Amino acid sequence: MEQNSDIMIRVDGLKKQYRLGQIGGGTLRGDLQSWWARKRGKEDPNTKIGTDQRLIGQKFMALNGVSFTVKKGEAVGIIGSNGAGKSTLLKLLTHVTAPTEGTIDLYGRVASMLEVGTGFHPEMTGRENVYLNGAILGMTKEEIDAKMDDIIEFSEVRDFIDTPVKRYSSGMYVKLAFSVAAHLDSEIMIMDEVLAVGDMNFQNKCIAKMREIANQGRTILYVSHNMATVRTLCDRCMVLDQGRIIYSGDVEESINRYMQSEGSGGSTRLADIKRHGGATYDLKMLDIHLDSSQISASHPLRFRLHWSCKKAAAQVRLRFIVKYQSDDIVGLTYSTPICDAHPGEDREDAFEFPVNNLAPGKYHVDLLLFNADENGNRVNLDNVQYAFSMTVSPDPEDQTDFLFHDWIHKWMGHVKLPTIQVLHDE
Numbered sequence: 185m186e187q188n189s190d191i192m193i194r195v196d197g198l199k200k201q202y203r204l205g206q207i208g209g210g211t212l213r214g215d216l217q218s219w220w221a222r223k224r225g226k227e228d229p230n231t232k233i234g235t236d237q238r239l240i241g242q243k244f245m246a247l248n249g250v251s252f253t254v255k256k257g258e259a260v261g262i263i264g265s266n267g268a269g270k271s272t273l274l275k276l277l278t279h280v281t282a283p284t285e286g287t288i289d290l291y292g293r294v295a296s297m298l299e300v301g302t303g304f305h306p307e308m309t310g311r312e313n314v315y316l317n318g319a320i321l322g323m324t325k326e327e328i329d330a331k332m333d334d335i336i337e338f339s340e341v342r343d344f345i346d347t348p349v350k351r352y353s354s355g356m357y358v359k360l361a362f363s364v365a366a367h368l369d370s371e372i373m374i375m376d377e378v379l380a381v382g383d384m385n386f387q388n389k390c391i392a393k394m395r396e397i398a399n400q401g402r403t404i405l406y407v408s409h410n411m412a413t414v415r416t417l418c419d420r421c422m423v424l425d426q427g428r429i430i431y432s433g434d435v436e437e438s439i440n441r442y443m444q445s446e447g448s449g450g451s452t453r454l455a456d457i458k459r460h461g462g463a464t465y466d467l468k469m470l471d472i473h474l475d476s477s478q479i480s481a482s483h484p485l486r487f488r489l490h491w492s493c494k495k496a497a498a499q500v501r502l503r504f505i506v507k508y509q510s511d512d513i514v515g516l517t518y519s520t521p522i523c524d525a526h527p528g529e530d531r532e533d534a535f536e537f538p539v540n541n542l543a544p545g546k547y548h549v550d551l552l553l554f555n556a557d558e559n560g561n562r563v564n565l566d567n568v569q570y571a572f573s574m575t576v577s578p579d580p581e582d583q584t585d586f587l588f589h590d591w592i593h594k595w596m597g598h599v600k601l602p603t604i605q606v607l608h609d610e
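Using our numbering, the first residue of the sequence shown is number 185, and each one after it goes up by one.
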């Protein structure tokens, strides 16, 4: 295929298929037992009680016929619900895994950040990892030397640059990894939600740097749930849903399509959502089931959370953070204590959250399981960002709620305040 000089990425008919439940028993013995049971048409002895046997051996299309091109100097956002295929697409583009069908043509060197610490060797220092990443991109030592001071300065980890990165916090990992990707000579940058770990000032600095890089003619692919950064950075956007591109074009229209594409209830698998640090992960949220994600102001949100326990934790509670679709934080709240969790325990607990004070609109929710240590300090046990979305509509039973049908969040805020009462002189 002849290359257009302006095209940096060309993807045609890309498919990625996985087989569910074929391996993964945890031991070779367990996998052999499962394989032998399937060969004889027997029930898998290693399948958890209650698992639907029809899922064993099924094929799953993570991507199903994706085609697009990205031109030189473009900053393209990729958005979609959890499980839509965003991270799978980036893993294919960076050759972490191979496609089942289709072709990928990349016309330039690629710098990527798919998750915290990707491409870093934990035993090597920050400085040594900079040289390692540069060498992987095909740069000489002299080229890396020329950029080293800029990389260290931007990363804000100068005091720790000669410390093994296994001692870095997740935020320090991200700062150095982004600085390396931004300053080394690559024509294509691929970013997967990694900036969620950094502090707000560093996130803003990264967005400005990526915008500068795009203006210099380098190409950026950026996956994020943060609609505000997508709006700030991207020239256009693609919306993925169930492994297919359902829209590609204007950023605002893409965000609208993404918001409309999300379901109206049902279950969401949380176990596979990428965590971004900030918790012990002694507990793990596995699934969440919403009665409905379309809620009127007079009816509370009801949901059931399925989670498991790896290490004992007393007085576990749930923190619930509500964000507007622009990623503005509306507020947060906490549950009453749920239980004392025990190792090996699986639980499913029901919750109810009143939404009567939320203005009409679309919201995202972050979930965090936590408890307190012996000194009363909060300990984060599991943390899932963008766990689910919900849409709050005006209350059809409220005679005055017609006033709120055309709610403009930019000017009116995200909280519907109580009605002002007129006090009449008696």
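Positions of the beta carbon are idealized from the N, C-alpha and C atoms, including for glycine.
All figures in this text were calculated on a predicted structure; none of them were measured in a lab.
### Q478 - partner residues in DSSP beta bridges
Sequence index remark: in the sequence shown, residue 478 carries index 294 (1-based). T575, per the DSSP bridge assignment.
### Task
Starting from E536, follow the beta strand (DSSP E) in both directions and report where the run begins and ends.
Indexing the sequence shown from 1 puts residue 536 at position 352. Per DSSP, E536 belongs to the beta strand (DSSP E) from D530 to F537.
### Query
Is N266 closer than 8 angstroms to I457 when the C-beta atoms are compared?
Start at 1 with the first residue of the sequence shown, and residue 457 comes out as number 273. Start at 1 with the first residue of the sequence shown, and residue 266 comes out as number 82. Yes, the Cβ-Cβ distance between I457 and N266 is below 8 angstroms.
### Task
Determine the direct distance from the alpha carbon of C523 to that of I288, and round the result to whole angstroms.
If you number the sequence shown from 1, residue 288 lands on position 104. If you number the sequence shown from 1, residue 523 lands on position 339. So the alpha carbons of these two residues sit roughly 49 angstroms apart.
### Query
Any idea if Y357 is buried or exposed, counting beta-carbon neighbours within 10 angstroms, 16 or more meaning buried?
Looking up residue 357 in the sequence shown gives position 173. Per the 10 Å Cβ criterion, buried.
### Task
For the segment 362–407, list the beta strand (DSSP E) runs that are entirely contained and at least 3 residues long, ordered along the chain.
As far as the segment 362–407 is concerned, its whole beta strand (DSSP E) runs of at least 3 residues are 372–376 and 403–407.
### Task
Return the chain-ordered list of same chain residues with a C-beta closer than 6 angstroms to the C-beta of A259, the five sequence neighbours on each side being excluded.
Indexing the sequence shown from 1 puts residue 259 at position 75. A398, I404, L417, C418 and D419, listed in sequence order.
### Query
With contact counted as at least three CB pairs below 8 angstroms, one residue from each stretch, are the segment 508–523 and the segment 587–607 in contact?
Contact between the segment 508–523 and the segment 587–607 is present, because at least three Cβ pairs lie under 8 angstroms.
### Task
With Y352 as the anchor, note down where its alpha helix (DSSP H) starts and where it stops.
Residue numbering aside, residue 352 sits at position 168 when the sequence shown is read from its first letter. No alpha helix (DSSP H) holds Y352; DSSP gives it neither H nor E.
#### Entry: L632 versus V606: straight-line alpha-carbon distance, rounded
This structure does not reach residue 632, given that the chain is present from 185 up to 610, and the question cannot be answered.
### Task
Look at A463 and N564 and say whether their C-beta atoms are less than 8 angstroms apart.
Indexing the sequence shown from 1 puts residue 463 at position 279. Indexing the sequence shown from 1 puts residue 564 at position 380. Yes, the pair counts as a contact, with Cβ atoms nearer than the cut-off.
### Task
Would you list the residues sitting across from L553 in a DSSP beta bridge?
For this step, residue 553 is matched to residue 369 along the sequence shown. DSSP output for L553 lists L502 and D566 as bridge partner(s).
### Message
Give me, in chain order, the residues of the same chain whose beta-carbon lies closer than 7 angstroms to that of D196; leave out the 5 immediate sequence neighbours on both sides.
### Response
Position 12 of the sequence shown, counting from 1, holds the residue named residue 196. Cβ neighbours of D196 beyond the five flanking positions: S251, G286 and T287.
### Query
So what's G426 in DSSP terms, helix, strand or just coil?
In the sequence shown, residue 426 corresponds to position 242, counting from 1. The sequence shown places Gln at residue 426, not Gly. In the three-state reduction of the DSSP assignment, Q426 falls in the coil class, being assigned neither a helical nor a strand state.
### Message
Nearest by alpha-carbon distance to V407: which of D471, I391, Q400 and E396 is it?
### Response
What you label residue 407 is simply residue 223 of the sequence shown in a count that begins at 1. Scanning D471, I391, Q400 and E396 for the CA closest to the CA of V407 turns up I391.
#### Entry: Length of the line joining the Cα atoms of Y570 and R453
The residue given as residue 570 occupies position 386 in the sequence shown. The residue given as residue 453 occupies position 269 in the sequence shown. Each residue's Cα considered, the two are about 12 angstroms apart.
### Task
Report the option in I263, I505, R203 and Y202 whose CA atom is closest to the CA atom of N440.
Here residue 440 refers to the residue found at position 256 of the sequence shown. Residue I263 is the option with its Cα nearest to N440.
### Query
Do you know offhand how far K546's Cα is from S573's?
Walking along the sequence shown from the start, residue 546 turns up at place 362. Walking along the sequence shown from the start, residue 573 turns up at place 389. Between K546 and S573, the C-alpha separation is close to 7 angstroms.
### Closer than 7 angstroms: M373 CB and nearest the ligand SAM heavy atom
The ligand SAM is absent from the structure shown, which contains no ligand whatsoever.
### Message
Just to confirm before moving on: does the CB-CB distance between T575 and S477 stay below 8 angstroms?
### Response
Working through the sequence shown from its first residue, we reach residue 575 at position 391. Working through the sequence shown from its first residue, we reach residue 477 at position 293. Yes, they are a contact pair.
#### Entry: Residue ranges of each alpha helix (DSSP H) within the segment 288–355, 4 or longer
Runs of the alpha helix (DSSP H) spanning 4 or more residues and lying entirely within the segment 288–355 occur at 310–320 and 325–339, in chain order.
#### Entry: L485, enclosing beta strand (DSSP E) - first and last residue
In the sequence shown, residue 485 corresponds to position 301, counting from 1. Where L485 is concerned, the enclosing beta strand (DSSP E) stretches over L485 to C493.
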